[in-house]
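Numbering (my numbering), first residue to last: 146 to 553.
Quick reminder that beta carbons are idealized off the backbone N, C-alpha and C, glycines included.
Model, not experiment: these values are computed from the prediction.
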Ligand SMILES: Cc1cc2nc3c(=O)[nH]c(=O)nc-3n(C[C@H](O)[C@H](O)[C@H](O)COP(=O)(O)OP(=O)(O)OC[C@H]3O[C@@H](n4cnc5c(N)ncnc54)[C@H](O)[C@@H]3O)c2cc1C
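In structure tokens:
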């Protein structure tokens, strides 16, 4: 896999997949990292509520399949790996489990971490009574009492889903519910559901598995015997992931990087400060980040032939190390493995004199025909070897059209 990308997306949830699809669709070389499976939060949902429009419901697995298929059809390369650090600069450097890569633009779309209360003993009870996924773990609590902590519309939907299996569902709302009147009505009508506003969980009880929670109510402390606790508060963004970019109180990052990350690190979806947490909003956000990444690359590349800034310059490159890489590109500017920006057309030869001569002639004619100011060069260290899979992959990741001449 290439280690040098136009755009790297961190997180292949709906926001990341949308950003990646847009950038790849514009001809950029895009990699999308995910430390788990693509789809993000949607993987945990049976149905997506209020999607594609308010009041409607979409099948979650079907939506994930479509987003992944569209991204891959646009040319996005998926990498199943965790990005542990994003180091700002030109290019941006990403550290991942399988090694470091560079990218001209990075879109951070990591979403938020799981809901946590921040109580002693909580981590030990995750998977032993504490969960953040009604669709996955709800059936384990068939006929048992559970509590749900949260205040938003998705908490209400999770509680309603749990009410179909649990013997009792107590919804503990830290302040006042934020869900709409329809959800309030459905919760009130649901058998076995009780909503307690203005309630804070202060302690967890249980040896090895959860047995009860202690809550602080207006009337004083109270202990609730529950075997399951579903937590949807305290979800945190990717604070500290991007070097020198400060996070807000919830660990989320600003939409655009600051300092050394300005213009090259973008943040989309739930991970962004101030984001509305919904699938529709994440798709819009991701799409906008993808468009911003394309605009950043075009601005950096300068105007293309004909005066429009629609492609990276130069537009035509000769890929042939032995023909001669111009001195100003020979060191540093053309890093190991090639350093070509996205270019429409490449003329590739295996550096045998007759093939090189032929392509140089074609290049001169095309340069004249298209009125190009310059003919670009790019190196590929082993381009003089046979045009094997590695060389073809290298070319395909960089160019839309490749004219090949192989001499002997
Ligand atoms: C319980 C619950 C129910 C919901 N129900 C609905 C609903 O019915 N309808 C609706 O519209 N919205 C719903 N939402 C909100 C919606 O799911 C989110 O707003 C949306 O999925 C956010 O998308 P995202 O791409 O920003 O993040 P996510 O979907 O969270 O995706 C982030 C991805 O980044 C990956 N990742 C994180 N860190 C790294 C890293 N360092 N390296 C590599 N990969 C990384 C993760 O593995 C994940 O795949 C719900 C949310 C919750 C919590």
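Residue interval of the alpha helix (DSSP H) (run including residue i)
i, result
"residue 300", "298-307"
"residue 267", "267-270"
"residue 215", "205-219"
"residue 553", "Note, residue 553: premise wrong, no alpha helix (DSSP H); not H, not E."
"residue 379", "From DSSP, residue 379 is part of no alpha helix (DSSP H); its letter is neither H nor E."
"residue 540", "534-541"
"residue 167", "159-170"
"residue 279", "279-282"
Reference residue i, options the options, closest by Cα
i, options, result
"residue 388", "399, 395, 394", "399"
"residue 215", "504, 512, 157", "157"
"residue 553", "337, 210, 364, 494", "494"
"residue 213", "277, 541, 428, 511", "428"
"residue 423", "195, 180, 147, 188", "195"
"residue 229", "393, 240, 211", "240"
"residue 503", "537, 382, 551, 199", "551"
"residue 354", "256, 413, 307, 286", "286"
"residue 382", "318, 511, 414", "414"
"residue 307", "335, 327, 329", "335"
"residue 318", "327, 300, 333", "300"
"residue 252", "309, 243, 177, 397", "177"
"residue 409", "419, 443, 384", "443"
"residue 289", "298, 267, 312", "312"
"residue 189", "220, 440, 250, 303", "303"
"residue 296", "377, 258, 262, 309", "377"
"residue 346", "331, 328, 368", "368"
"residue 181", "255, 320, 384", "255"
Any non-hydrogen atom of ligand 1 within 7 Å of residue i CB
i, result
"residue 223", "no"
"residue 422", "yes"
"residue 556", "Nothing about residue 556 can be reported from this structure: the residues present for the chain run from 146 to 553 only."
"residue 514", "no"
"residue 228", "yes"
"residue 181", "yes"
"residue 185", "yes"
"residue 551", "no"
"residue 195", "yes"
"residue 539", "no"
"residue 437", "no"
Range of the contiguous beta strand (DSSP E) that encloses residue i
i, result
"residue 341", "338-342"
"residue 331", "Note, residue 331: premise wrong, no beta strand (DSSP E); alpha helix (DSSP H) at 326-334."
"residue 317", "313-318"
"residue 179", "175-179"
"residue 361", "357-362"
"residue 224", "222-225"
"residue 397", "First-last for residue 397: undefined, no H or E at that position."
Integer-rounded CB distance, given that residue j should sit under 8 Å from residue i
i, j, result
"residue 372", "residue 291", "7 Å"
"residue 160", "residue 431", "4 Å"
"residue 237", "residue 248", "5 Å"
"residue 154", "residue 175", "7 Å"
"residue 348", "residue 359", "4 Å"
"residue 379", "residue 260", "5 Å"
"residue 337", "residue 316", "Actually they are not in contact, since the Cβ atoms of residue 337 and residue 316 sit about 11 Å apart, beyond 8 Å."
"residue 411", "residue 438", "6 Å"
"residue 405", "residue 280", "Contact flag wrong, Cβ pair sits at about 41 Å."
Check: residue i C-beta below 7 Å from any heavy atom of ligand 2
i, result
"residue 161", "The ligand content of the structure shown is limited to ligand 1, which means ligand 2 is not among them."
Residues that residue i bridges to, as DSSP identifies them
i, result
"residue 147", "Note: residue 147 sits in no beta bridge, so no partner."
"residue 494", "550"
"residue 245", "240"
"residue 192", "204"
"residue 386", "BP columns for residue 386 are empty, so no partner."
"residue 374", "275, 292"
"residue 365", "362"
"residue 286", "Residue 286 is not bridged to any residue."
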